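Written out below as C-alpha coordinates is the structure these notes cover.
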Amino acid sequence: MYVGTLSFDLLLGDVRSLKEKRSVVRPIVAELQRKFAVSAAEVGGQDLHRRAEIGLAVVSGETGHLTDVLDRCERLVAARPEVELLSVRRRVHSDEDD
0 MYVGTLSFDL
10 LLGDVRSLKE
20 KRSVVRPIVA
30 ELQRKFAVSA
40 AEVGGQDLHR
50 RAEIGLAVVS
60 GETGHLTDVL
70 DRCERLVAAR
80 PEVELLSVRR
90 RVHSDEDD
(Lines of atoms letter the chains of each structure in order from A and count residues from 1; the text may use other names and numbers.)
(Lines give C-alpha, C1' and ligand atoms only; values in the text may rest on other atoms or scores of the structure.)
Protein backbone atom coordinates (compact mmCIF):
# COMPACT_ATOMS: atom_id res chain seq x y z
CA MET A 1 0.00 0.00 0.00
CA TYR A 2 1.23 3.48 -0.89
CA VAL A 3 -0.01 6.85 0.33
CA GLY A 4 0.78 10.02 -1.59
CA THR A 5 0.24 13.56 -0.42
CA LEU A 6 0.48 16.96 -2.08
CA SER A 7 0.50 20.33 -0.38
CA PHE A 8 -0.09 23.38 -2.58
CA ASP A 9 0.86 26.90 -1.48
CA LEU A 10 -1.28 29.29 -3.52
CA LEU A 11 -1.37 33.03 -4.08
CA LEU A 12 -4.87 34.14 -5.01
CA GLY A 13 -5.59 36.86 -7.52
CA ASP A 14 -7.84 39.85 -6.88
CA VAL A 15 -9.40 38.63 -3.62
CA ARG A 16 -10.53 41.20 -1.07
CA SER A 17 -12.40 39.11 1.51
CA LEU A 18 -12.53 35.65 3.00
CA LYS A 19 -15.85 35.13 1.23
CA GLU A 20 -14.22 35.80 -2.15
CA LYS A 21 -11.37 33.50 -1.16
CA ARG A 22 -13.81 30.66 -0.47
CA SER A 23 -15.36 31.20 -3.89
CA VAL A 24 -11.94 30.53 -5.44
CA VAL A 25 -10.68 27.71 -3.18
CA ARG A 26 -13.85 25.60 -2.87
CA PRO A 27 -14.21 24.88 -6.61
CA ILE A 28 -10.57 23.77 -6.81
CA VAL A 29 -10.98 21.38 -3.88
CA ALA A 30 -14.27 20.04 -5.30
CA GLU A 31 -12.76 19.47 -8.75
CA LEU A 32 -9.80 17.56 -7.29
CA GLN A 33 -12.18 15.35 -5.31
CA ARG A 34 -14.54 14.78 -8.23
CA LYS A 35 -12.01 14.15 -11.00
CA PHE A 36 -9.41 12.13 -9.11
CA ALA A 37 -11.22 10.58 -6.09
CA VAL A 38 -8.70 12.08 -3.66
CA SER A 39 -9.22 13.48 -0.19
CA ALA A 40 -8.64 17.24 -0.42
CA ALA A 41 -9.17 20.25 1.83
CA GLU A 42 -7.97 23.76 2.56
CA VAL A 43 -5.44 23.07 5.30
CA GLY A 44 -3.69 26.38 5.94
CA GLY A 45 -3.90 30.13 5.68
CA GLN A 46 -7.62 30.18 6.43
CA ASP A 47 -7.44 33.68 7.91
CA LEU A 48 -5.42 35.19 5.03
CA HIS A 49 -7.28 36.73 2.08
CA ARG A 50 -4.77 36.14 -0.70
CA ARG A 51 -3.01 32.94 0.40
CA ALA A 52 -4.28 29.39 0.64
CA GLU A 53 -2.85 25.98 1.31
CA ILE A 54 -4.62 22.97 -0.16
CA GLY A 55 -3.66 19.47 0.90
CA LEU A 56 -4.63 16.19 -0.67
CA ALA A 57 -4.02 12.51 -0.12
CA VAL A 58 -4.49 9.40 -2.21
CA VAL A 59 -4.01 5.70 -1.47
CA SER A 60 -3.02 3.12 -4.08
CA GLY A 61 -1.64 -0.37 -4.37
CA GLU A 62 0.82 0.65 -7.08
CA THR A 63 3.37 3.46 -7.14
CA GLY A 64 2.83 4.04 -10.87
CA HIS A 65 -0.87 4.76 -10.40
CA LEU A 66 -0.15 6.90 -7.37
CA THR A 67 2.42 9.00 -9.23
CA ASP A 68 0.04 9.43 -12.18
CA VAL A 69 -2.78 10.72 -9.95
CA LEU A 70 -0.47 13.10 -8.09
CA ASP A 71 0.93 14.43 -11.38
CA ARG A 72 -2.55 15.06 -12.79
CA CYS A 73 -3.66 16.82 -9.60
CA GLU A 74 -0.61 19.06 -9.71
CA ARG A 75 -1.22 19.95 -13.37
CA LEU A 76 -4.87 20.78 -12.65
CA VAL A 77 -4.00 23.24 -9.87
CA ALA A 78 -1.09 24.77 -11.82
CA ALA A 79 -3.40 25.40 -14.81
CA ARG A 80 -5.98 27.39 -12.82
CA PRO A 81 -5.71 31.02 -14.02
CA GLU A 82 -7.16 32.52 -10.82
CA VAL A 83 -4.29 31.27 -8.63
CA GLU A 84 -0.51 31.35 -8.74
CA LEU A 85 1.12 28.13 -7.60
CA LEU A 86 3.98 29.21 -5.32
CA SER A 87 5.15 25.75 -4.25
CA VAL A 88 4.18 22.09 -4.14
CA ARG A 89 5.35 19.56 -1.58
CA ARG A 90 4.98 15.90 -2.54
CA ARG A 91 5.42 12.90 -0.28
CA VAL A 92 5.00 9.21 -0.96
CA HIS A 93 4.86 6.71 1.89
CA SER A 94 4.82 2.93 1.84
CA ASP A 95 3.34 0.64 4.47
CA GLU A 96 6.85 -0.81 4.67
CA ASP A 97 8.34 2.54 5.83
CA ASP A 98 9.59 2.53 9.38
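Numbering-wise (numbering that gives the first Met the number 0), the sequence shown opens with residue 0 and increments by one. Cβ atoms here follow ideal geometry from the backbone N, Cα and C, with glycine treated the same way. Nothing here was measured: the structure is a model prediction, and the numbers come from that model.
Excluding its 5 nearest sequence neighbours in each direction, D8 has C-beta neighbours in its own chain below 7 Å: E52, L85 and S86, listed in chain order. By a beta-carbon distance limit of 8 Å, V23 contacts L11. Their separation comes to about 6 Å. Within the same chain, Cβ atoms closer than 6 Å to the Cβ of A39 are found at V28, L31, Q32 and L55, the five residues on either side in sequence being excluded. Counting of Cβ neighbours within 10 angstroms places L65 among the buried residues, the total reaching 16 or more.
In summary, G3 is buried, with 16 or more beta-carbon neighbours lying within 10 Å of its beta-carbon over all protein chains present. Between L5 and C72, the beta carbon gap of about 6 Å places them in contact (Cβ cut-off 8 Å). Within the same chain, Cβ atoms closer than 7 Å to the Cβ of D94 are found at M0, the five residues on either side in sequence being excluded. For D8, the enclosing beta strand (DSSP E) starts and ends at Y1 to L11. A straight-line Cα-Cα distance of about 16 Å links V42 and R90.
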